[in-house]
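Step one of this worksheet: look at the structure below.
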Amino acid sequence: MKKILALLLAALMVGSMMTGCTKQEATSGEESAQTQQTESEAKEEPVEEETQASFTGAYIADPEYIKSKIGSEDVIFIDARGADAAKKGTIEGAIATAWQPLARCTEGASGDEMWGTILPLDQLSEVLSSMGITPDKEIILFSDGKDGWGDDGRIAWELLAVGFENVKIADRGFSALKEAGVPTQKGAAEFTPAEVTVSELDETHLINTDALVETYDSVKVVDVRADEEYNGEVLYGEKAGGHLPGAIHIRFTDLFNDDNVLKSNEEITAMFEEAGLSKDDKIVTYCTAGIRSAYMQMVLEMCGFENSLNYDESYYRWCAVQDVE
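Residues 1 to 325 in the numbering used here are what the sequence shown lists, from first letter to last.
If you want it as structure tokens, here you go:
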């Protein structure tokens with residue numbers, strides 16, 4: 001009898017132990033599953049992407065601003081790439097013109113005195129009238145960003161110089177504007193002629209060859225062309241290869257990120273300062289014909305380098321009449 005009781009007690013103890021182990025394993029399994037689920041949820045939580053700082057300035061229009069102006073009767077969009085490029089796609093409602101019709105390009109040749117500079121004001125008034133580009137409207141220009149020549153900046157720089165007050169350039173090239181959702185169309189809109197008269201030229205941000213020669217020792221000269229141009233290759237019919245004596249080299253394309261959007265004000269300012277420029281300096285920008293350099297001048301101005309001037313006769317003229325390095 002005692003043996004039977006002993007066997008029964010032993011069986012009960014073993015059963016109890018097994019039940020306890022089973023409960024422990026189940027609990028551990030549940031905790032493990034919960035832990036895995038928590039870790040999985042943590043992994044699935046969206047990670048906030050870093051927002052890239054954008055360029056801001058009085059003469060800059062970003063995609064959201066441009067979208068808000070589509071269809072407005074108070075805004076004129078200008079595709080500065082010209083009508084041929086606009087045939088493949090342009091901003092909705094935009095007219096199209098290159099920079100040349102607004103400059104002295106029909107007479108003489110590159111390198112001649114005043115070639116490529118702003119048209120005489122009576123002629124410029126006629127051109128602006130024929131295109132319907134009026135100073136009472138807001139003018140928003142765009143081009144190809146770093147993949148182009150800064151044509152939008154050149155036209156904007158010229159319009160500001162003759163008294164247009166409300167002028168902006170897009171903060172990126174057309175392809176990037178399209179990717180950002182700005183409405184587009186195939187082909188530019190027709191010109192709507194208007195009566196336009198410009199009578200004064202503000203030379204605050206402009207310098208010609210004679211004035212640059214006279215003040216050369218007191219200014220910092222910035223070459224915004226590509227490496228091969230700066231280093232002496234003749235690519236566009238220049239009289240000689242090279243660069244202006246002592247010119248600082250900051251490429252036009254260095255203003256943009258890889259996605260063809262302007263870098264932030266802080267990044268661009270740091271780039272200028274690292275190159276040896278100060279906001280107290282008198283700075284003269286140049287390229288081949290004063291196009292990319294006009295864009296650079298506007299960016300310099302918006303970054304606080306206000307005593308900046310575009311040499312619009314540029315390298316074409318300088319290398320024809322002055323020494324180069």
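Each residue gets a CB set at the ideal place from its N, CA and C atoms; glycine is no exception.
Taking leucine 212 as the centre and dropping the five residues before and after it, the same chain places the C-beta of Val284, Tyr311 closer than 7 Å to its C-beta, in chain order. Under the DSSP assignment, serine 308 falls outside any alpha helix (DSSP H), being part of the beta strand (DSSP E) whose first and last residues are 308 to 311. Look at glutamine 185 here: in three-state DSSP terms it is strand. Around the CB of tyrosine 236, fewer than 16 other CB atoms lie within 10 Å, so the residue is classed as exposed. The three-state reading of DSSP puts threonine 215 in helix, counting H, G and I together. Residue pairing by DSSP leaves histidine 243 without any beta bridge partner. Beta-bridge partners of aspartate 79 (DSSP): Ala96, Phe142. Bounds of the alpha helix (DSSP H) holding isoleucine 66 are 63 to 69. Inclusion of isoleucine 91 and aspartate 79 in the CB contact set at 8 Å is warranted, their separation being smaller than that value.
Around the Cβ of alanine 289, a 10 Å sphere holds 16 or more other Cβ atoms; the residue is buried. If the five residues before and after asparagine 257 are omitted, its C-beta is found closer than 7 Å to the C-beta atoms of Lys263, all from its own chain and listed in chain order. A straight-line Cα-Cα distance of about 9 Å links alanine 320 and serine 110. Look at lysine 220 here: in three-state DSSP terms it is strand. Judged by DSSP in its simplified three-state form, lysine 87 adopts coil rather than helix or strand. Considered as a whole, the segment 245 to 295 harbours 265 to 274 as its complete alpha helix (DSSP H) runs of no fewer than 4 residues, in chain order.
Look at leucine 128 here: in three-state DSSP terms it is helix. Aspartate 147 is not a Cβ neighbour of arginine 81, given a cutoff of 8 Å. Using a Cβ-Cβ distance cut-off of 8 Å, the segment 62 to 70 and the segment 149 to 158 are not in contact, since fewer than three pairs of beta carbons, one from each stretch, lie closer than that value. Counting along the chain, the unbroken alpha helix (DSSP H) around isoleucine 155 starts and ends at 151 to 161. Here DSSP, grouped into helix, strand and coil, assigns arginine 317 to helix.
DSSP places lysine 178 inside the alpha helix (DSSP H), whose first and last residues are 174 to 179. In the three-state reduction of the DSSP assignment, leucine 201 falls in the coil class. In this structure, alanine 94 sits near alanine 188, with a CB-CB distance shorter than 8 Å. By a beta-carbon distance limit of 8 Å, aspartate 62 does not contact serine 72. Their separation comes to about 16 Å.
Contact between aspartate 202 and tyrosine 286 does not hold, since the beta-carbon distance rounds to 19 Å and is not under 8 Å. Cβ-Cβ separation between valine 167 and leucine 160: approximately 6 Å, consistent with a contact (criterion under 8 Å). Beta-carbon to beta-carbon, isoleucine 140 and alanine 170 are separated by about 7 Å, close enough to satisfy the 8 Å threshold.
The residue from Met296, Glu200, Asn260, Ile207 with its alpha-carbon nearest to that of phenylalanine 272 is Met296. Measuring C-alpha to C-alpha distances from alanine 83 to each of Ala98, Ser125, Ile60 identifies Ala98 as the nearest. In the structure shown, the three-state DSSP call for leucine 102 is helix. Scanning Ser308, Gln185, Asp136 for the CA closest to the CA of aspartate 281 turns up Ser308. Linking threonine 56 to tyrosine 316 through their CA atoms gives a straight-line distance of about 32 Å. Counting C-beta atoms within 10 angstroms of its own C-beta, alanine 86 has 16 or more neighbours from the protein chains shown and is therefore classed as buried. In the structure shown, leucine 300 falls within a helical segment according to DSSP collapsed to helix, strand and coil.
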